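>
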Amino acid sequence: TGRRIHYVVSKGFFFFFFFALATAARTEPPDLFFFFFFLRLLARVGQRGTAFFFFFFFWVQKAEATDFFFFFFFRHLGHHLHLTHCLFFFFFFFSNVTTGTMLGINGAMELLFKVITPYSKRHVRTVRSLIQAFLSFSESNSRRAVNRGYLGELLRLYQDWHRNDVSNNYIYIRRGLLLCLKYITNIQLGRETFLGSRGMEILFTSVQDCLSCKNLDPIINTATHILRKCYPKEHLPVVTVRSSYSFPLPGNANAEPPCEGSEGKWIKGDSESEGEEEDEKDWDNEDVESKEEDCDLETDVNKLRSRPVLDRPEQELEKYEALCAELFQNFQELEFECEEKKSLEDRTESFPSAPSHFIPSATSVKHPNCRWRNPSVTGMGPDPGEQDFKVPLQSWRKKEEFIWDKNDENRDIAEEAQDKDFCEEEDPARSLVFALCPLLKDAAWYKKMFYPHCEASISPEGRLESSDIVRNLLEKHQGVIPFHSPCFYAARAKCVKSIPGYRELAFPDFWGHQPPPYSKPVLERKHGVQRDKVLDDVRRLMQPGDVIGRTVFDLDDPSLSGPAAPGCLTFFSKFESGNLRKAIQVREFEYDLIMNADVNSNQHHQWFYFEVRDMRSALPYRFNIINCEKFNSQFNYGMQLVMYSVREALQGRPRWIRAGQEICYYKNHYRRSAAAGGGVRGRFYYTLTFSIKFPHKDDVCYLAYHYPYTYSTMMSHLDILEQNRNPKKVYWRQQTLCQTLGGNPCPLLTITAMPESKNRDDLEQFCNRPYIFLTARVHPGESNASWVMKGTLEFLVSSDPIAELLRKCFIFKIVPMLNPDGVINGNLRCSLSGDDLNRQWLAPSSQLHPTIYHAKGLLYYLRSVGRAPLVFCDYHGHSQKKNVFLYGCSIKETLWQAGCVVDTAVVTEDVGYRTLPKILDKVAPAFVMNSCSFLVEKSRASTARVVVWKEIGVLRSYTMESTYCSCSHGLYRVSKSVR
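Per mature numbering (1 follows the signal peptide of the UniProt record, and there is no 0): the sequence shown = residues -24 to -1, 1 to 955.
1) Classify Gln711 as helix, strand or coil using the three-state DSSP reduction.
2) When DSSP labels each residue in this structure, what does Phe611 get in the three-state scheme?
3) Ends of the alpha helix (DSSP H) at His138?
4) Would you say the beta carbon of Pro703 comes nearer than 7 Å to a heavy atom of the ligand FMN?
5) At what residues does the alpha helix (DSSP H) containing Tyr484 begin and finish?
6) Would the beta-carbon of Tyr681 fall within 8 Å of that of Trp817?
7) Here's the rule: buried if 16 or more other CB atoms are within 10 angstroms of the residue's CB, otherwise exposed. What is Lys279?
8) Thinking C-alpha only, which one of His581, Ala625, Val472 is nearest Phe483?
9) Can you tell me which of the three DSSP states Glu793 falls into?
10) Just to confirm, is the Cβ distance from Thr161 to Lys205 under 8 Å?
11) Do you know offhand how far Asn906's Cα is from Asp811's?
12) Are the CB atoms of Gln627 and Leu499 within a distance shorter than 8 Å?
13) By the DSSP assignment, the alpha helix (DSSP H) with Cys849 in it spans what residues?
14) Is Tyr685 close to chain D, meaning its C-beta is less than 8 Å from at least one C-beta of that chain?
15) So, helix, strand or coil for Gln305, using DSSP?
16) Relative to the C-alpha of Glu564, which candidate in Ser577, Asn572, Gly525, Asn578 has its C-alpha closest?
17) Rounding to the nearest angstrom, what Cα-Cα distance links Ala469 and Leu481 in this structure?
18) Consult DSSP for Arg24 and reduce its assignment to one of helix, strand or coil.
19) Distance, Cα to Cα, Met936 vs Val923?
20) Answer with buried or exposed for Gln291, where buried requires no fewer than 16 other C-beta atoms within 10 angstroms of its C-beta.
21) Considering just the uninterrupted stretch of the beta strand (DSSP E) at Asp530, what are its terminal residues?
22) Measure the Cβ-Cβ separation of Gln823 and Asn608 and say whether it is below 8 Å.
23) What separation, rounded to the nearest whole angstrom, lies between the Cα atoms of Glu638 and Ile601?
24) Which complete alpha helix (DSSP H) runs does the segment 583 to 650 hold, if anything under 4 residues is left out?
25) Report the option in Asn814, Asp695, Thr827, Arg783 whose CA atom is closest to the CA atom of Lys766.
26) Identify, in the order they occur along the chain, each residue of the same chain with its Cβ nearer than 8 Å to the Cβ of Pro731, setting aside the five sequence neighbours on each side.
27) Report, in whole angstroms, the separation of the C-beta atoms of Val676 and Glu587, which I expect to be a contact under 8 Å.
28) Should Arg124 and Tyr134 be called a contact, given that it needs their Cβ atoms to be closer than 8 Å?
29) Taking DSSP as the reference, what is the three-state secondary structure of Leu725?
30) Tell me, to the nearest whole angstrom, how far the beta carbon of His854 is from that of Ser938; I am working on the premise that it is less than 8 Å.
31) Note down the Cα distance separating Val562 from Arg167, rounded to an integer number of angstroms.
32) Helix, strand or coil for Ala752, going by three-state DSSP, please let me know.
33) Suppose contacts are defined by Cβ-Cβ distances below 8 Å. Is Thr208 in contact with Leu171 by that definition?
34) Could you spell out the range, first to last residue, of the alpha helix (DSSP H) harbouring Gln741?
35) Under the three-state reduction of DSSP, which class applies to Asn720: helix, strand or coil?
36) Once DSSP output is grouped into helix, strand and coil, what is the label at Gln561?
Okay, structure coming up:
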């Protein structure tokens, strides 16, 4: 029994066993009966106490007794009972690199392959022990097995057992053989030999035979893993992994962006297996960052202490006084009595909304590609020291050559006019320069439903261009979407500067959308969906004749993006926030899609937003987005993408809906170059695959990673909020923080309550209110952050009693979009400089990171006048966690988590940073306190949360993370849908 074995081992009897065994081995001739007796006894001890057994095997190695084990093993090849105990010893010997290598050199594998037999119902226990010995092979023995042709022997043995085990009685042996193949194919040589031995075909065929039996899942899953690992590696089918869009940076306008050719060089070698296994471990972890959290913690108390320092001359802060006019506001010019008689528009115009001091923009560096916005558009005063620059759109550098149509000149003229004065447009719909993307080539259903007596002019591209059509459409459906105006959106979109020079509007952004009338449960993952998709990918390799391989959309080659072939979908993504680089038709109803990298970057693929048309209804289309980068995704845990149908919208249901079935996210065979892998070789891309049945034939639908929220949507939303606020109660000031690198204004909002009266006490209370500083959308792909900010703004200007109380108690400084250029051009994480702006707060550049530079400067100014914010919060979206939660900063919690001894007499800390999260945990159903973290990591030292905490001295400095997919706690918890 185990208790008796433990007693024997604890009393040191293993020395007696060892010396008795050594004596039996040295006897001439060897006493095999006595030797077998001790061997059997030690095998039983080793099964219960492996620590002792490893110590014992060390003494066997030291006494050079392994040769005798070979002799005994060879002598009893036909005696399966004795052989089973020998194989148990081999299992431990092979698990040690030194001893296992020595056994391999001395011919242990030849002996093992003499024992293993084709299918037989006899001696199954021996075969099982033999497979267990194989599973402990080291890398050198795996390579030796491949060189001596044993991999092919394993394949033949697996085929024989698979073919003859009709009743599935020996699943563990079949799976054991597959596990042997799995370990051998961990090395590059093993994978190459596996392919050369027709291993892909053998395993693929055997898996097809097993799919009908659920009991065979262990075999199917192991075989699928081997197939995925051994699938021939390829580069992405693109010219270069670098973004299709590029932007000349200030001071380096003539420099060509680095280009690594097709995909960079790939070094073949066995080291790839290490990356493979590392990726597999990360794939199984829902939150990869938590694994490295403890190692990344900052333990230097001096670095953790708040030490406010300026990163710029102190006199430079004076210009930010214009952005804090509420501190010096003289309300004598406001006549409260007269305001009651004014119309809403008059009140908005009479309210001061622009600072009198100009803040330099990123484009203040004079280079040929800079372009000043008109002061009337940006809300900024003119710079007397600068003159206006104007360059044609062609000066925006881009890798692809656009085919400009005959309206180019008109478009340039229109842009020049709209730059002069944004507010002079009386009817934005009538002067719309953009064409609406989604109106169909065959618009018969559209015209018949809405305009039976109207003939619309259709462009060669099939898009309706009649402004009368647009105006009639708006009149028919006026006021459907709360806080949204298509006219405002179109007018704002005309002023947006983008790298591709967008000329068309996406219908969902132009038309708006309503929330769905019901909450939808998360999608339940279908059993075996991932392996089914992997097997479909393998089928491409096995049956290449079924693959069409036709490119139907390509940003790098516009000639391939023309009218689609009959029966083929048409794709489009050249609109604001759109992201789709290439679409390849694989089969009749299957397409591979490739996302575009961030501008001036080789990586960051997750966000997608594109248009698709010319579909059939009620037929499942499969889409594979093949260049995702994250190790895991919420798509594996019930998340669905979103879809918008134009026909549904025009029938009175304008809404984004969760769509897609058979969704899964897995590692594919497309390898990433070092440039695309963040400098690390051996990484691979991931595939997001999903199937969709479109609701209508010949509809126009939009698919997106998450509910899109564009820059123009935000700007038009601010216009509507300003017009609809109550100026008697709400102090609203919209200014421009700065110009972005791309020439777009970055808005800054100030929201608080109007003073009760003009007497001194009320005005003093108004000026002395503490500040709350809110920012959002520093990462363009986190559109949920903008939706949270949208709700925040609508609440703050509302008549809700809590909102009124907040306005009376605080002054809110809000930057609703810190990265407008990234949002406009469809980036996931970076700005036009190719930098993650949330990693630039330590030392932002006024030229490359103007929004961060000036947001930090404004915070510096508030601190310099004794008005540092009470709370700073940066809104984000989290792609792997559920619920809403905060990241804060704490010295003690960081040191405690790192295992450091904390002297509470020396390290003191105000625990007020926990107050706001605790309040939110009580009052906000989506908020979960247990998901919050207050640790300071070294890798986060340059984020907004940490820099504002350390340099500005804001105790309550947070990053607020919002999920992309549902809540797991509280009121908003959603159940899983039925399969």
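Even for Gly, the Cβ is constructed at its ideal location relative to N, Cα and C.
Here the structure is a predicted model, which means the values were calculated and not measured.
Concretely, from the data shown:
1) For this step, residue 711 is matched to residue 735 along the sequence shown. In this structure, Gln711 counts as strand in the three-state DSSP scheme.
2) The sequence position of residue 611 within the sequence shown is 635, counting from 1. Here Phe611 sits in helix by DSSP.
3) The sequence position of residue 138 within the sequence shown is 162, counting from 1. Taken as a continuous stretch (DSSP letters only), the alpha helix (DSSP H) holding His138 covers 126 to 140.
4) Annotation note on the ligand FMN: not contained in the displayed structure, which lists no ligands.
5) Translated into the one-based positions of the sequence shown, residue 484 becomes position 508. Before going on, a small fix: residue 484 reads as Pro here, not Tyr. Pro484 -> alpha helix (DSSP H) spans 483 to 487.
6) For the purposes of this step, residue 681 is taken as the residue at position 705 of the sequence shown. For the purposes of this step, residue 817 is taken as the residue at position 841 of the sequence shown. Not in contact: Tyr681 and Trp817 (Cβ atoms no closer than 8 Å).
7) Sequence index remark: in the sequence shown, residue 279 carries index 303 (1-based). Flag for Lys279 reads exposed.
8) Taking the sequence shown and counting its residues from 1, the one referred to as residue 483 is at position 507. Of the listed residues, the one whose Cα sits closest to Phe483 is Ala625.
9) Locating residue 793 in the sequence shown gives position 817, counting from the first residue. The sequence given here has Met at residue 793, not Glu. Coil.
10) On the sequence shown, residue 161 is found 185 positions in, with the first residue counted as 1. On the sequence shown, residue 205 is found 229 positions in, with the first residue counted as 1. Yes, they are a contact pair.
11) Walking along the sequence shown from the start, residue 906 turns up at place 930. Walking along the sequence shown from the start, residue 811 turns up at place 835. Cα to Cα, the separation comes out at about 32 Å.
12) In the sequence shown, residue 499 corresponds to position 523, counting from 1. In the sequence shown, residue 627 corresponds to position 651, counting from 1. Not in contact: Leu499 and Gln627 (Cβ atoms no closer than 8 Å).
13) The residue given as residue 849 occupies position 873 in the sequence shown. Unbroken run through Cys849 is the beta strand (DSSP E), 847 to 854; no alpha helix (DSSP H).
14) The chain labelled as chain D is not found in the depicted structure, where only one protein chain is given.
15) The sequence position of residue 305 within the sequence shown is 329, counting from 1. Residue state, collapsed to three classes: coil.
16) Counting from 1 along the sequence shown, the entry for residue 564 is found at position 588. When only C-alpha atoms are compared, the closest one is Gly525.
17) Taking the first residue of the sequence shown as position 1, residue 469 is located at position 493. Taking the first residue of the sequence shown as position 1, residue 481 is located at position 505. Computed Cα separation, rounded: 8 Å.
18) Looking up residue 24 in the sequence shown gives position 48. Residue placement at Arg24 is flagged as unreliable, the pLDDT there being 49, under the threshold of 50; a coordinate-derived value is accordingly withheld.
19) What you label residue 936 is simply residue 960 of the sequence shown in a count that begins at 1. What you label residue 923 is simply residue 947 of the sequence shown in a count that begins at 1. Whole-angstrom Cα-Cα distance: 15 Å.
20) Here residue 291 is taken as the residue at index 315 of the sequence shown, counted from 1. Exposed, by the Cβ-count rule.
21) Within the sequence shown, the letter at position 554 stands for residue 530. Per DSSP, Asp530 belongs to the beta strand (DSSP E) from 526 to 530.
22) Position 847 of the sequence shown, counting from 1, holds the residue named residue 823. Position 632 of the sequence shown, counting from 1, holds the residue named residue 608. Not closer than 8 Å, so no.
23) Residue mapping note: residue 638 aligns to position 662 of the sequence shown, counting from 1. Residue mapping note: residue 601 aligns to position 625 of the sequence shown, counting from 1. Their backbone Cα atoms lie some 14 Å apart in a straight line.
24) 622 to 626
25) Counting from 1 along the sequence shown, the entry for residue 766 is found at position 790. Here the closest residue by C-alpha is Asp695.
26) For the purposes of this step, residue 731 is identified with residue 755 of the sequence shown, where counting begins at 1. The residues are Phe307, Asp738, Leu739, Gln741, Phe742.
27) Residue mapping note: residue 676 aligns to position 700 of the sequence shown, counting from 1. Residue mapping note: residue 587 aligns to position 611 of the sequence shown, counting from 1. About 6 Å; that satisfies the 8 Å criterion.
28) The count along the sequence shown starts at 1 and reaches residue 124 at position 148. The count along the sequence shown starts at 1 and reaches residue 134 at position 158. Not a contact, by the Cβ cut-off of 8 Å.
29) Along the sequence shown, read from residue 1 onward, the residue named residue 725 stands at position 749. In this structure, Leu725 counts as strand in the three-state DSSP scheme.
30) What you label residue 854 is simply residue 878 of the sequence shown in a count that begins at 1. What you label residue 938 is simply residue 962 of the sequence shown in a count that begins at 1. With a Cβ gap of about 7 Å, His854 and Ser938 count as contacting.
31) Counting from one through the sequence shown, the residue named residue 562 turns up at place 586. Counting from one through the sequence shown, the residue named residue 167 turns up at place 191. Distance between the alpha carbons of Val562 and Arg167: 26 Å.
32) Here residue 752 corresponds to residue number 776 of the sequence shown, with the count starting at 1. Ala752 falls in the strand class under three-state DSSP.
33) By one-based count along the sequence shown, residue 208 stands at place 232. By one-based count along the sequence shown, residue 171 stands at place 195. Sequence inspection shows Pro at residue 208; the Thr mentioned does not correspond to that position. Closer than 8 Å, so yes.
34) As a first step, residue 741 is located in the sequence shown; it is residue number 765 there, counting from the start. Counting along the chain, the alpha helix (DSSP H) containing Gln741 begins and ends at 736 to 743.
35) Counting from one through the sequence shown, the residue named residue 720 turns up at place 744. Looking at Asn720 - three-state DSSP - the assignment turns out to be coil, as it is neither helix nor strand.
36) Here residue 561 refers to the residue found at position 585 of the sequence shown. If DSSP states are grouped into helix, strand and coil, Gln561 belongs with the strands.
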